[in-house]
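Visitor:
Residue numbers (this note's numbering): -12 to 561.
(1) Runs of 4 residues minimum, wholly inside the stretch 228 to 308: which ones carry the alpha helix (DSSP H) assignment?
(2) Please confirm whether residue 20 and residue 69 have their CB atoms less than 8 Å apart.
(3) Helix or strand or just coil, what does DSSP make of residue 489?
(4) Quick check on DSSP: helix, strand or coil for residue 162?
(5) Just mark residue 314 as buried or exposed, buried being the case when its beta carbon has 16 or more other beta carbons within 10 Å.
(6) So, is residue 286 buried or exposed, given that buried needs 16 or more other C-beta atoms within 10 angstroms?
(7) Relative to the C-alpha of residue 98, which residue among 352, 464, 540 is closest?
(8) Is the beta carbon of residue 150 sitting closer than 8 Å to the one on residue 142?
(9) Ignoring anything shorter than 4 residues or poking outside the stretch 3 to 77, list the alpha helix (DSSP H) runs there in chain order.
(10) Measure the C-alpha to C-alpha separation of residue 373 and residue 345 and round it to an integer number of angstroms.
(11) Where do the N-terminal and C-terminal ends of the alpha helix (DSSP H) with residue 185 fall, by residue?
(12) Would you check if the stretch 425 to 445 and the stretch 385 to 396 touch, i.e. whether three or more CB-CB distances between them fall below 8 Å?
(13) Any chance you could list the beta strand (DSSP E) runs of at least 3 consecutive residues sitting entirely within the stretch 352 to 437, in chain order?
(14) Tell me residue 219's beta-bridge partners as DSSP assigns them.
(15) Just how far apart, CA to CA, sit residue 320 and residue 478?
(16) Along the chain, where does the beta strand (DSSP E) that runs through residue 310 open and close?
(17) To which residues does DSSP link residue 341 through a beta bridge?
(18) What do you reckon, is the C-beta of residue 327 under 7 Å from a heavy atom of the ligand FAD?
(19) According to DSSP, is residue 463 part of a helix, a strand, or is it coil?
(20) Can you tell me which of the three DSSP states residue 97 falls into?
(21) Out of 276, 241, 249, 242, state which residue places its alpha-carbon closest to the alpha-carbon of residue 256.
(22) Can you tell me where the beta strand (DSSP E) holding residue 457 begins and where it ends?
(23) Is the stretch 217 to 227 close to the stretch 124 to 139, with three or more CB pairs under 8 Å?
(24) Beta carbon of residue 273, beta carbon of residue 290: below 8 Å?
(25) In the DSSP assignment, find the unbroken alpha helix (DSSP H) run with residue 518 in it and report its ends.
(26) So what does DSSP say about residue 583, is it helix, strand or coil?
(27) Counting Cβ pairs, one atom from each stretch, are 3 or more of them under 8 Å apart for the stretch 32 to 49 and the stretch 186 to 194?
(28) Let me know the secondary structure DSSP gives residue 150 once reduced to three states.
(29) Assuming the contact rule is C-beta atoms closer than 8 Å, residue 241 and residue 379 should be a hit. Round their C-beta distance to whole Å, please.
(30) Compare the beta carbon distance of residue 180 and residue 91 with 8 Å and say whether it is the shorter of the two.
(31) Which residue from 25, 404, 443, 78 puts its Cα closest to that of residue 60?
(32) Check residue 546 in the structure and name its three-state DSSP category.
(33) Below 8 Å on the Cβ atoms is my guess for residue 481 versus residue 457; work out the distance and round it to an integer in Å.
(34) Enumerate in chain order the residues of its own chain whose CB-to-CB distance from residue 352 is below 8 Å, with the five nearest sequence positions on each side excluded.
(35) For residue 541, count neighbouring C-beta atoms within 10 Å of its own C-beta (all shown protein chains included) and say buried if the count is 16 or more, exposed if not.
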């Protein structure tokens, strides 16, 4: 409607701009960070809160006071850390990454009861494409969408208020000071309980997400662990073949099978009720029922078991910085070959011949991006025929790597049924999970027995021997735990106890003067991965100052030769 101005001029009506049906809120950067921190601590830390509040009655005011104090303290400290990094340009990408990381980590921690420490993060980063594909299951999508993708998208919704540089610095410093004060005060209110929790259950810190992920990343990046590009420091530079080699006419072929995720408790050779080792039971093997792993993951155990340091002198930096026993044996004159059906040798075989066979094109054994372990025997006849001299072959199995146990064996080995046929273990019953796992051990039994049969056939050319030992064990739901990788001090025995089996041909035993019955008698003792380095050197009579006879499993069963002395020009044995 037209209006008449004071001067009598007609003017059109004023048109007010229409408001949108919704309006993006305007927030300060600090407010957005604080909201996001609160969301992460409440939505992505179920395992932490369950562990921190375990044994406390929910009807007690002290329980709620402890929980609120911890939530306030961690929110304040998380905020203070992020406030050092968050600007108008960086805050949204930073928070989006943290939200998505927390959603991923919390799902795996919730479903498999894992702890996100440095070793576990290295496992994640070292996982190859095929292994990673098996860990992405449809059941995780609702969790990721609701607690990851949607919140990460919402981080980009609000507008961020602008300030001058001086005012922004003043406001940020004020927020930081307030956060540190509130966090410290909240923690002091419950300090006795908090100190007790951290002292008695140090592992709880590996459950606080995303701080655990950030700390693990920083620890692996800055922790001084040997980088692959750096040369290994030498071990056993004085290595040479011992006196028993002087009169030898036949070379040696020694096969070391590194199993994957096989736990000793499910080996029938160790007394398990199910017959998971029917073929090895018929072979002339020596079984060690009480063997302990150096770690609970491949990333830790594999470098450790080939190292002179072992678990007893465990030092991750030294282990990764130094050569392995394979380098010592190569220096002494062995041809060393690493054959892998998994994710590599983790630095153990650096600089030595290696064959990666997990993507081999063997139609009968390889499908869906992975190969069955029999692929490790493919071409061994040619290796044995072409090698001049002594040969040591390491076969690194795919073994019983979870959670897709059902993919580790062909259909003919599906003897224990019904077996879990899903990568998402939550979709299977406890019995189905155990059935699938035991079927994978049944196939490992077949594979190891087949390696022994190959070595029996190779005796025309070589003195042959074999050792099989797994890298670590596995949890199959006991106590709510699945898979492996728990921090070693709190890991259950099923993740630390591993099978250890030996087979020595008659020619090998004779040539190295080994008493097999003595070995069998001593096999009931407690042994560990720490014995491997020194036992390999001892059984193959490689002399070096790096060798420790007290850790050589063969030493008590290898009688010393009778000394010979000269007497009046005549030789007399004593």
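From the three backbone atoms N, C-alpha and C, an ideal C-beta is built for every residue, glycine too.
None of these values were measured; they are calculated from a predicted model.
Guide: By the coordinates alone:
(1) 285 to 292, 303 to 308
(2) yes
(3) strand
(4) helix
(5) buried
(6) buried
(7) 464
(8) no
(9) 16 to 30, 33 to 39, 48 to 70
(10) 23 Å
(11) 178 to 187
(12) yes
(13) 378 to 383
(14) The partner list for residue 219 (beta bridge, DSSP) is empty, contrary to what the question assumes.
(15) 39 Å
(16) Counting along the chain, residue 310 falls outside any beta strand (DSSP E), and DSSP gives it neither H nor E.
(17) 325
(18) The ligand FAD is not part of the structure shown, which contains no ligands of any sort.
(19) strand
(20) helix
(21) 276
(22) 450 to 457
(23) no
(24) no
(25) 517 to 526
(26) The question about residue 583 has no answer here: the residues shown for the chain are numbered -12 through 561.
(27) yes
(28) coil
(29) 5 Å
(30) no
(31) 25
(32) coil
(33) Going by Cβ atoms, the distance from residue 481 to residue 457 rounds to 12 Å, so no, they are not a contact pair.
(34) 358, 359, 361, 362, 365
(35) buried
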